[in-house]
Every structure is written in structure tokens, then in C-alpha cells.
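Going left to right, the sequence shown walks through residues 101 to 491 as this note's numbering numbers them.
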Amino acid sequence: MTIQGADTQKLNRRLRLGMVGGGRGAFIGAVHRIAARLDDRWELVAGALSSDPDRARLSGQDLLLREDRIYGDFNEMARRERRLKDGIDAVAIVTPNHAHAAAARAFLRAGIHVICDKPLTTTRREADQLAKLAQESGLFFAVTHNYTGYPLVRQARAMVKAGELGSLRVVQVEYAQDWLATRLEETGSKQAEWRTDPARSGPAGAVGDIGTHAFNLAEFITGDEVTALAADLHTFVAGRRLDDNAHMMLRFTSGAQGMLWCSQVAAGQENGLRIRVYGEKGGLEWHQENPNVLIHSPLGEAPRLIRRNGAGTMKVAQAASRIPAGHPEGYLEGFAQLYRDVAEQIAARLEEREPDPFAMQVPTVEHGVRGVRFIEAAVRSSQRKAAWVSL
101 MTIQGADTQK LNRRLRLGMV GGGRGAFIGA VHRIAARLDD RWELVAGALS
151 SDPDRARLSG QDLLLREDRI YGDFNEMARR ERRLKDGIDA VAIVTPNHAH
201 AAAARAFLRA GIHVICDKPL TTTRREADQL AKLAQESGLF FAVTHNYTGY
251 PLVRQARAMV KAGELGSLRV VQVEYAQDWL ATRLEETGSK QAEWRTDPAR
301 SGPAGAVGDI GTHAFNLAEF ITGDEVTALA ADLHTFVAGR RLDDNAHMML
351 RFTSGAQGML WCSQVAAGQE NGLRIRVYGE KGGLEWHQEN PNVLIHSPLG
401 EAPRLIRRNG AGTMKVAQAA SRIPAGHPEG YLEGFAQLYR DVAEQIAARL
451 EEREPDPFAM QVPTVEHGVR GVRFIEAAVR SSQRKAAWVS L
């Protein structure tokens with residue numbers, strides 16, 4: 101509980117971060133480390149960076165961690181860090197999906213805040229159990245849906261909330277890539293190998309990997325929830341065990357209708373996350389590959405371009421910007437925004453004060469649970485020949 105109006109002591113240090121996964125050969129671990137350091141609020145001090153002890157040790161040495169803060173497994177790390185006077189304030193879990201739940205449980209039980217990559221877990225049962233444990237612990241639990249950290253995504257959310265689009269009618273969201281258009285998992289690619297393996301990725305491929313981002317973005321911007329979906333999951337690459345393309349229809353609580361497409365076999369697409377939201381008074385459009393522009397189209401008027409940190413941006417978007425308009429910000433800064441917001445919320449707890457209200461938009465364990473429900477509903481719907489399924 102925070103104490104309003106009380107004399108509090110400034111933390112006067114960086115928050116101490118630990119990491120599970122993200123060692124040699126990993127992609128997302130390096131992204132998390134860069135993002136955490138960008139605003140100078142975190143310092144990586146400990147890690148269990150691989151399930152292989154030798155690789156974990158070498159990876160820790162690569163990052164110049166102290167030998168006594170390099171761990172062979174996350175359970176040992178949670179136990180020891182809990183007892184240290186200068187133990188970690190939070191842990192970032194950046195493993196393949198199947199290891200998220202066990203690692204998160206270990207650190208929650210050790211009294212350590214958790215930052216977990218998405219999807220939260222590979223089963224709804226595990227997700228619900230993890231959410232219950234997080235709630236009982238009173239600890240902060242963030243899920244890194246990094247696109248929610250982009251300034252103009254937050255601008256779009258604020259505009260919808262302010263009623264600038266009126267009652268919502270249509271939501272169109274897509275996330276298209278082409279990197280798995282061939283059997284890349286057969287070539288030794290570590291990233292492709294685990295993402296196409298049901299034992300490590302979970303019950304879905306493209307839906308779990310990028311479809312969850314599209315789903316989360318649609319709910320984040322609209323402030324609305326998907327109540328039901330009808331999904332057609334397909335595997336185009338012969339021999340692949342999980343989906344690499346999916347089309348879905350969505351129904352929202354407000355009565356809005358939506359469509360979601362995710363694909364990892366769309367030739368020519370690199371990271372094509374796009375969203376369009378239409379209401380009775382106008383529409384919004386945002387493309388991740390051109391993230392510093394938001395298109396606002398009031399009904400019956402010429403479209404308007406809202407540029408990051410430029411004229412027409414709201415305070416919530418300005419608070420997520422680091423540099424003047426015209427200087428591009430993107431993927432790393434979006435990730436960094438979540439780390440900055442998490443740092444602010446944890447620091448506020450330690451200093452017994454209220455956090456900056458602009459730091460309160462970080463996806464939490466509850467959003468992680470919704471992501472897992474989305475995956476399972478999509479798989480179930482597709483198995484039933486695209487029948488409507490409730491979330």
C-alpha cells in the first residue's frame with residue numbers, strides 16, 4: 101500500500117534486474133536488456149541465462165555478471181536472490197513459452213516482481229493459476245506486449261477513450277511476416293525450431309507468437325474486450341506441426357465487429373502489424389513499420405496525420421516519447437517504455453508514494469491470461485470448422 105502525503109526516501113539507485121533465459125543465441129533476451137537500460141532505471145545483476153549450465157555460465161560471463169550471480173537454474177536463482185541484501189527487485193523471463201509458468205511461480209514465491217514475455221503460459225489452467233498466485237502475492241507482474249509502449253498507440257487508445265471516434269463499429273488488425281515461409285526450423289535456426297515445436301511453443305504457432313500481439317493491441321486501443329471469435333488456422337508449409345497462418349472474425353463487448361489475420365508465410369512482409377479502428381464519428385489507422393504516424397479520419401473530413409511528439413499529440417503520448425518530433429522512435433523504445441513504466445511502479449512501492457499515472461498502462465498478468473484464452477479459443481474454433489467460440 102502506498103502512503104499519500106508521507107515523507108518518503110528517494111530510492112537513489114537503479115533497480116536490480118535478473119533474467120531467466122536470453123543467453124547465447126537468443127534474440128529476445130538482448131532486446132529486453134537493451135530496453136531495460138535505455139532509460140537508465142535498471143541494472144542487470146543476475147541471471148539463469150540458459151537451461152544448459154555451461155551455456156548459462158558462459159552467457160553470464162559475456163554480460164560481465166559476477167560469478168556468484170550467474171546461476172545454473174532459475175530455482176537456485178530465486179532462492180539465493182531472495183536472501184541477498186542486494187537481491188534483484190524484479191526478474192525478466194525471456195525463455196521459450198513452455199518455461200514461463202514454472203519460472204514465474206518460483207520468483208513470485210520468492211517475493212520478487214516478475215516481467216514475463218508473452219504468451220504468459222501454454223495452457224489456460226497454468227495461466228489462471230499464475231494469475232491467482234500473483235494476486236495473492238501482491239507483487240507486480242508485467243507481460244511484455246511491447247507494442248502498447250508506442251507513443252501513438254497510447255495516443256490512439258486515449259482518443260478512443262475520449263470518444264473522438266464515437267461508438268465503435270469495426271476493428272481490423274493484422275500481423276503478417278514471411279520469415280517462416282520455408283522449413284526454416286530444419287536449418288538449425290534456434291528461433292524457428294522452438295516456435296514450431298508444440299512442446300515448447302504451446303498449442304498454436306503463428307497465433308501464439310504474433311496473433312497474441314494483434315489481439316492484445318486491438319483490446320488495448322479500443323478499451324474493449326473480445327467476447328467470441330471464429331477462427332480458421334492453417335499450416336501451409338508441409339510437415340510443420342503448428343499453424344503458420346490464421347484468419348478470424350471477432351465480436352466485442354460493445355457490439356463492434358472485427359477481423360484478425362496473422363501469418364508467418366506472407367511473402368514480402370517483414371513485421372506488418374497494422375490496426376484500423378472505425379467508429380460512428382471517424383477512424384484511426386496505425387502501422388508498426390511506420391510507427392511515428394497515426395492517421396485520424398473524422399467522418400466527412402480530410403484525414404489528419406498525427407506525428408509522434410508533434411502537434412495534436414496528447415500528454416499520454418508525449419510521456420512515452422523521448423526525443424523531438426521528426427526523430428524516429430520504434431521497436432526498442434516501445435519495449436523500453438514498458439521497462440520504464442514497470443520501474444516507476446516498483447520504485448513507487450519502495451518509496452511509498454503514488455506512481456506517475458502515465459506509467460499505469462503496462463499489460464499485467466490479467467492481460468496475459470486473456471492472451472492464453474485467445475489462443476485456446478482460436479485453436480478450439482478451428483478444430484470445430486471455424487465455429488464461434490466464447491472467450
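The beta carbon of each residue, even a glycine, is placed where N, CA and C say it ideally should be.
In this text, all values refer to a predicted model and were calculated from it rather than measured experimentally.
Alpha-carbon to alpha-carbon, residue j and residue i
i	j	result
Ala411	Val365	38 Å
Thr413	Arg407	7 Å
Glu451	Lys110	6 Å
Ile188	Tyr275	35 Å
Glu325	Leu491	9 Å
Arg453	Glu433	26 Å
Cys362	Glu167	43 Å
Val416	Asp140	21 Å
Arg341	Pro457	44 Å
Thr102	Thr335	Bear in mind that a pLDDT of 36 at Thr102, under 50, signals an unreliable position, so the number given afterwards is only what the model happens to contain. In a straight line, the C-alpha of Thr102 is about 50 Å away from that of Thr335.
Asn409	Gly339	47 Å
Ile170	Ala156	7 Å
Gln161	Ala206	24 Å
Gly358	Met349	6 Å
Leu158	Gln229	34 Å
Lys352	Trp142	Contrary to the premise, residue 352 reads as Phe rather than Lys in this sequence. If I take the Cα positions, the gap works out to 38 Å.
Asp154	Met177	15 Å
Residue i beta carbon near the ligand ADP (any heavy atom closer than 7 Å)
i	result
Ala242	Ligands displayed in this structure: none; no statement on the ligand ADP is therefore possible.
Proximity of residue i and residue j at Cβ, strictly below 8 Å
i	j	result
Gly147	Leu164	no
Arg116	Val145	yes
Ala210	Arg179	yes
Leu360	Val489	no
Leu208	Leu184	no
Arg449	Arg224	no
Asn246	Leu438	yes
Ala346	Gly383	no
Val131	Gly468	no
Ser482	Leu280	no
Ile423	Val377	no
Gly471	Leu220	yes
Arg295	Gly305	yes
Asn392	Glu429	yes
Which listed residue (the options) has its alpha carbon closest to that of residue i
i	options	result
Phe174	Arg224, Thr223, Gly122, Thr322	Gly122
Thr248	Glu476, Ser482, Ala487, Ala459	Ala459
Leu268	Ala318, Asp154, Gln277, Trp279	Ala318
Asn316	Val462, Lys381, Leu239, Met177	Val462
Gly308	Asp217, Gly160, Ala192, Tyr171	Asp217
Ile212	Leu220, Arg205, Ala190	Ala190
Arg133	Ile215, Gly471, Leu280, Leu333	Ile215
Gln388	Ile193, Glu466, Pro251	Pro251
Helix, strand or coil at residue i [DSSP, three-state]
i	result
Arg390	Note that residue 390 corresponds to Asn in the displayed sequence, not to Arg. Reduced to three states, the DSSP call for Asn390 is coil.
Arg205	helix
Ile375	strand
Phe174	helix
Phe352	strand
Val214	strand
Ile406	strand
Phe241	strand
Asp441	helix
Leu384	strand
Val337	coil
Tyr250	coil
Arg169	helix
Gly358	strand
Pro424	coil
Asn345	strand
Trp294	helix
Short CB-CB distance (under 8 Å) between residue i and chain C
i	result
Pro457	Judged by its chain identifiers, the structure shown contains no chain C, having just a single protein chain.
Is the region 255 to 265 touching the region 222 to 239, taking contact as three or more C-beta pairs under 8 Å?
no
Sufficient close CB pairs (3 or more, under 8 Å) joining the region 194 to 202 to the region 296 to 316
yes
Stretch pair the region 468 to 481 + the region 321 to 333: three plus CB contacts closer than 8 Å
yes
Taking one C-beta from the region 274 to 292 and one from the region 365 to 374 each time, how about it: are there three or more such pairs within less than 8 Å?
yes
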